[in-house]
Every structure is written in C-alpha cells, then in structure tokens.
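Shown next, in structure tokens, is the structure this report addresses.
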Amino acid sequence: SQKIEQNSEALNIQEGKTATLTCNYTNYSPAYLQWYRQDPGRGPVFLLLIRENEKEKRKERLKVTFDTTLKQSLFHITASQPADSATYLCALAGSSGSARQLTFGSGTQLTVLP
Amino acid sequence: KAGVTQTPRYLIKTRGQQVTLSCSPISGHRSVSWYQQTPGQGLQFLFEYFSETQRNKGNFPGRFSGRQFSNSRSEMNVSTLELGDSALYLCASSYLAPSTDTQYFGPGTRLTVL
Chain A
1 SQKIEQNSEA LNIQEGKTAT LTCNYTNYSP AYLQWYRQDP GRGPVFLLLI RENEKEKRKE
61 RLKVTFDTTL KQSLFHITAS QPADSATYLC ALAGSSGSAR QLTFGSGTQL TVLP
Chain F
115 KAGVTQTPRY LIKTRGQQVT LSCSPISGHR SVSWYQQTPG QGLQFLFEYF SETQRNKGNF
175 PGRFSGRQFS NSRSEMNVST LELGDSALYL CASSYLAPST DTQYFGPGTR LTVL
C-alpha cells in the first residue's frame, strides 16, 4: 500500500539556520507533490506545488526538490525565523482518476529557537 | 476575497446521533474536498466534489456522505456517530482540482462524540 513518511516528528533548529524537512514515499508514483504549513487549531496553508518533471521550485525563502528516483522530496526554509515554527505537511497526488486525490504525510513539527 | 468558511466551528454529539457540517468555498472555486484530521491518523481524504458531482472518494465507511450544491457550497453528513469519529473536519476548495491547483483550507469543525 502507499506510504508517505516525513522525517522526524519534531525538528528544532536555531534561528538563521536552514531547516530541511524530508518526505519519502513508497509504492507510489505521484505526479504532483505539495507542501503545506499548519499552525495549531488552524487549517493547513498551501506553500508550494512541484510536478514530477520539475527538479526544484523556489518561493522566497522556501525551496522544494522532488527526486522521483529516490522517491523523496526535500523542503528547505533558509534564514529560518521563530515565526516559521509550525507543522509542515507533504501531500502527494497522482495524475488521473482516483489517484488525483491528495494523500498527506503525518507532518513534521518545526520549532525555530531564537 | 473571503476565505473558506465552515460551520459550525465546534460540535458535541453523542454516539448514535448524526451530524451535518457545512462548507462555503472561495467564490469561483468549483472543487470542494473534505478531510478528517486526528492525532493518530493524521489528515485523511474523505471525498471531493466538483460541479455537484462526487469526483473522488476516500476509504471511509458509508456513514460518511456529502453533497455539493449549485452554488458550490458543500455539506458532509456523518450518521450513527461513533467515538472514533471525534476529529477536526476540514474543508478545502480549489478552482479546478486539489492536486494541481492551490487548495485553500477552512478553519475546520471540531467534532467531539461522547
């Protein structure tokens, strides 16, 4: 069955450093991969979408890579700030039919220490 | 423009009862998806509606149902509530498809089943 794993449940880093979060998947060939941010008591907020034929996507301090050979996506936040503290979720979707629904990972809780 | 709204925000029910949750998507969005979020299972896809038709369905029992109206507003219904149905129910809207478009989540409805 499809499986999505996000590295550690919790990640603590120092302010100003680069945070790197990992999303690994098995038994899956996603066409699209998305990253979301979720704060406590709120719905997830869309951050970035990357397609299977794209290696890398950037948006301000955020960078996502998508390696279909390794079956892995890396999510980087550069120059991290305490305001970046949140849970980050990766989500995958196929390209047709029922595979187009999004399947979410369990999330990584990031804490940026001042 | 206004974001995705969900009503009610909090709900307490007892086992065996049924519940209806409502979601108003962003104006112009035709796709509405519903998710269940629990600490143990994470964020799980329930179903997606597009132009009043259910386009995709997750792996949930038939007690979970939904519908979409001509104005894209959506409702989901859970019949014969069980304790395990206690969760945060999230609605999300996108213009065409959640896999390829930015998906906007509502604040969720917190359902507690006693």
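Heads up: the sequence lines are chains A and F, in that order. The opening residue of the first sequence carries number 1 in the numbering used here; numbering runs sequentially from there. The opening residue of the second sequence carries number 115 in the numbering used here; numbering runs sequentially from there. Every residue, glycine too, gets a C-beta built ideally from N, C-alpha and C.
Chain A contact for residue i (CB, 8 Å cutoff)
{"i": "E162 (chain F)", "result": "yes"}
{"i": "N170 (chain F)", "result": "yes"}
{"i": "F219 (chain F)", "result": "yes"}
{"i": "A211 (chain F)", "result": "yes"}
{"i": "T167 (chain F)", "result": "no"}
{"i": "L197 (chain F)", "result": "no"}
{"i": "L135 (chain F)", "result": "no"}
{"i": "G142 (chain F)", "result": "no"}
Given residue i as reference, the closest of the options once Cα atoms are compared
{"i": "Y218 (chain F)", "options": "A:Q38, A:N27 and A:E52", "result": "A:Q38"}
{"i": "I77 (chain A)", "options": "A:L62, A:L70, A:E5 and A:L48", "result": "A:L62"}
{"i": "T18 (chain A)", "options": "A:T103, A:V64 and A:A79", "result": "A:A79"}
{"i": "T22 (chain A)", "options": "A:Q14, A:Y88 and A:L47", "result": "A:Y88"}
{"i": "E52 (chain A)", "options": "A:T65, A:V45 and A:G41", "result": "A:T65"}
One or two residues paired with residue i in a DSSP bridge
{"i": "F164 (chain F)", "result": "F:S145 and F:T167"}
{"i": "V64 (chain A)", "result": "A:K57 and A:F75"}
{"i": "A93 (chain A)", "result": "A:Y32"}
First and last residue of the uninterrupted beta strand (DSSP E) at residue i
{"i": "G180 (chain F)", "result": "F178 to Q182"}
{"i": "S188 (chain F)", "result": "S188 to V192"}
{"i": "E5 (chain A)", "result": "K3 to Q6"}
{"i": "S207 (chain F)", "result": "A201 to S208"}
{"i": "F46 (chain A)", "result": "V45 to R51"}
{"i": "K17 (chain A)", "result": "Note, K17 (chain A): premise wrong, no beta strand (DSSP E); not H, not E."}
Within-8 Å CB hit, residue i to chain F
{"i": "L21 (chain A)", "result": "no"}
{"i": "A93 (chain A)", "result": "yes"}
{"i": "R42 (chain A)", "result": "yes"}
heavy atom of the ligand COA below 7 Å from residue i C-beta
{"i": "Y25 (chain A)", "result": "What this structure holds is no ligand at all, so the ligand COA is not there to describe."}
Do the region 164 to 173 of chain F and the region 193 to 200 of chain F touch if we need at least three Cβ pairs shorter than 8 Å?
Counting Cβ pairs under 8 Å, fewer than three are found: no touch.
Closer than 8 Å is the cut-off here; do at least three beta carbon pairs connect the region 18 to 34 of chain A with the region 78 to 97 of chain A?
yes
Are the region 179 to 188 of chain F and the region 131 to 148 of chain F in contact at 8 Å, needing three or more beta carbon pairs?
Look at the beta carbons and you see the region 179 to 188 of chain F touching the region 131 to 148 of chain F: at least three pairs across the two are nearer than 8 Å.
Are at least three pairs of beta-carbons, each pair with one atom in the region 118 to 130 of chain F and one in the region 106 to 114 of chain A, less than 8 Å apart?
no
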